[in-house]
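This report refers to the structure that appears directly beneath it.
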Amino acid sequence: MLSKRIISCLDVRNGKLAKSVKFVDTIDIGDPVVQAKKYYEEGLDELVFYDITASSDKRDIMLDVVSSVAEQVFIPFSVGGGLRTVEDCSRVLLAGAEKINVNSAAVRRPELIREAADAFGSQAVVLSMDVLRVEPRPGLENGYEIVIEGGRRRMGIDAIEWAKRGEELGAGELVINSIDADGTKEGYELTLTRMISEAVSIPIIASGGGGTPEHLYDVLTEGKADAALVASMLHYDEYSIDEIKDYLIGRGLKIRKA
Amino acid sequence: MITIIDYKAGNLTSVQRALTHLGIENQISKDPDVVRKAERVIFPGVGAAGSAMETLKERNLDSALKESFQRGTPILGICLGSQIILSESEEDGNTPGLGILPGRCIKFQFTDETFKIPHMGWNAVSITQAHPVLAHLNPGDEFYFVHSYYPQPESAENVFATSEYGFEFPVAVGVDNLFAVQFHTEKSGPLGLQTLKNFVEWIV
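Here you go:
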């Protein structure tokens with residue numbers, strides 16, 4: 000049986016590690032390469048890097064980060080943030096990432112998903128989606144709306160429909176990030192995660208809201224997620240990877256112990 | 000010196016980085032003469048069997064690989080590399096393989112929707128027959144997989160390890176100086192690196 004994966008995401012700005020809280024202010028907390036290597040050695044299953052560098056002329060710094068990580072970290076990792084074309088994706092993959100992670104650019108131009116899947120295979124294409132809970136209304140009957148630009152712009156697209164579309168276009172995995180839960184440490188958005196997991200047949204990575212190992216347990220069982228993304232729980236040393244994994248194993252989940 | 004065969008497969012550089020990290024001298028080559036004379040060969044792979052076979056043929060790497068197998072060169076297949084060595088694959092409407100190992104590459108099919116395809120993530124590998132490339136592994140050790148097809152040799156004698164995903168399927172196969180694994184050694188953490196090191200130290 001496949002193990003449930005524990006994935007951490009590292010937000011990188013100008014080559015430095017940052018963790019955003021509710022997508023507003025960010026603070027630098029270190030070197031992403033050092034942090035990635037530490038998590039690898041501690042037994043993390045996978046990593047995600049989001050490049051949140053504002054100016055495009057500094058984007059090459061990210062490629063250096065990616066290749067340094069690839070030389071020292073031998074678990075799968077994906078890279079997202081600012082990837083708009085197949086060429087952008089190709090550069091990240093050549094630098095050593097296994098997977099590319101698209102978000103806003105795919106909402107603006109869904110064909111990007113198909114182009115990337117055709118070029119690199121679906122296994123290399125992760126679609127991340129930022130989702131806001133809204134009052135159900137025509138077109139948004141499920142009550143979950145896709146937002147972009149770090150949550151600032153509402154797109155009027157139903158999140159469950161967008162997930163299905165992403166799968167059809169060739170995404171190999173989905174990251175479901177709840178804007179409501181992100182940064183709260185009060186638990187993942189279980190309803191949203193489960194609705195999407197039941198609507199598609201590709202793996203689902205739950206993101207946003209993880210504050211305790213129990214939250215991971217809930218989203219990996221009730222939320223039907225295949226993997227859970229953790230950030231501040233690890234970044235601020237509130238829990239170790241071992242503590243999280245031991246807890247989940249103790250509750251009967253199949254988890255890899257390195 | 001390890002020669003990594005370049006047939007445009009996606010994980011070439013990841014395999015190279017892992018070897019370099021282990022301090023193992025290596026080169027990437029698409030030259031059939033280099034492959035024929037190689038000391039040890041790694042045959043990696045990510046992607047579709049059909050286009051992989053086309054590229055191998057275009058570059059005359061198919062015959063070079065078979066020749067180096069016949070010469071007794073230790074060869075390690077990874078992922079797609081463990082599938083193409085078989086007689087044929089169900090992928091792309093029955094693609095003929097290199098036929099080094101009699102068998103077929105079969106697509107996962109499940110009626111139970113909880114089994115998602117591809118089989119992607121970490122799974123435990125059970126050794127069914129000891130092999131030097133699988134040395135120093137313990138029961139329950141997990142490796143990273145991403146695949147929709149799996150290698151099924153004709154004879155159980157050629158299966159060295161299995162994993163379970165709805166049923167038990169082969170994940171390490173081999174014959175003589177050829178050994179191949181369905182999991183990604185280059186992305187399976189310290190245990191994956193261990194199998195690469197085992198391959199380099201394998202005396203056929």
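The listed protein sequences derive, respectively, from chains R and C.
The numbering of the first sequence is numbering that gives the first Met the number 0, which starts it at 0 and goes up by one.
The numbering of the second sequence is numbering that gives the first Met the number 0, which starts it at 0 and goes up by one.
Ideal Cβ positions, reconstructed from N, Cα and C, are used throughout, including at glycine.
Counting the other CB atoms within 10 Å of its CB gives P135 of chain R a total below 16, which places it among the exposed residues.
What P202 of chain R touches in chain C, judged by beta-carbon distance under 9 Å, is K115, P117, M119 and G120, going in chain order. Relative to R16 of chain C, the option among C:S162, C:L192, C:N197 and C:E89 whose CA is nearest is C:L192.
The beta carbon of L131 of chain R sits no closer than 8 Å to any beta carbon of chain C. Close CB contacts of E66 of chain C within its chain, under the 6 Å cut and outside five residues either way in sequence, are with R35 (chain order).
If you draw a 10 Å sphere on the C-beta of Y149 of chain C, you find 16 or more other C-beta atoms in it, and that means buried.
Taking a 10 Å sphere around the C-beta of P138 of chain C, we find fewer than 16 other C-beta atoms and assign the residue as exposed. Residue pairing from DSSP places D129 of chain R in a beta bridge opposite R:V146 and R:N176.
Taken in chain order, the members of the stretch 7–20 of chain C whose beta-carbon sits within less than 9 Å of a beta-carbon on chain R are G9, N10, T12, S13, R16, A17, T19 and H20. With respect to the 8 Å criterion, I1 of chain C and S28 of chain C are not classified as neighbours on the basis of their beta carbons.
Remark: C-beta atoms of F76 of chain R and E45 of chain R approach each other more closely than 8 Å. When C-beta distances to chain C are compared with 8 Å, the residues of the stretch 67–86 of chain R below that value are A69, E70, Q71, F73, I74 and P75, in chain order. Judged by their CB atoms, I254 of chain R and S2 of chain R are nearer to each other than the 8 Å cut-off.
At a cut-off of 8 Å between beta-carbon atoms, L192 of chain C makes contact with chain R. Distances from the CA of R153 of chain R to each of R:E144, R:E160 and R:G80 were compared; the closest alpha carbon is that of R:E144. Closer than 7 Å at the C-beta level to chain C, one finds no residue of the stretch 126–159 of chain R. By the CB criterion at 8 Å, H183 of chain C and C78 of chain C fall inside the cutoff.
Residue-level contact by beta carbon fails for P152 of chain C and chain R, as no gap is shorter than 8 Å. Taking a Cβ-Cβ threshold of 7 Å, none of the residues of chain C is close to G165 of chain R; the smallest such distance is about 15 Å. In the DSSP annotation of this structure, the continuous segment of the beta strand (DSSP E) that includes M154 of chain R starts and ends at R152 to D157.
Annotation for D179 of chain R: R132 place their beta carbon closer than 6 Å to its own, counting only its chain and skipping 5 residues before and after.
For L21 of chain C, the closest alpha carbon among the candidates R:Q71, R:I6, R:D117 and R:M128 is that of R:Q71. Using a Cβ distance threshold of 8 Å, E185 of chain C and S62 of chain C do not count as a contacting pair. The beta carbon of V170 of chain C does not come within 8 Å of any beta carbon belonging to chain R, so the residue lies off that interface. In this structure, the alpha-carbon of K36 of chain R lies about 7 Å from that of V68 of chain R. Remark: C-beta atoms of E172 of chain R and I147 of chain R do not approach each other more closely than 8 Å.
Interface flag for S239 of chain R against chain C is unset, since no Cβ pair is found closer than 8 Å.
Note: E141 of chain C is bridge-paired with C:A123 in the DSSP secondary-structure output. What D44 of chain R touches in chain C, judged by beta-carbon distance under 7 Å, is W121, going in chain order. Under DSSP, D10 of chain R shares a beta bridge with R:A17 and R:Y49. Interface annotation, E185 of chain C: in contact with chain R, CB-CB separation under 8 Å. The stretch 168–179 of chain C makes contact with the stretch 145–160 of chain C, as at least three CB pairs between them are under 8 Å. Rounded to the nearest angstrom, the Cβ distance from R12 of chain R to I51 of chain R is 5 Å, consistent with a contact under 8 Å. Q15 of chain C: member of the alpha helix (DSSP H) spanning L11 to H20, first to last residue.
Segment contact: the stretch 227–247 of chain R against the stretch 48–55 of chain C, fewer than three CB-CB distances shorter than 8 Å; contact not assigned.
With respect to V218 of chain R, T192 of chain R sits close: the two C-beta atoms are nearer than 8 Å.
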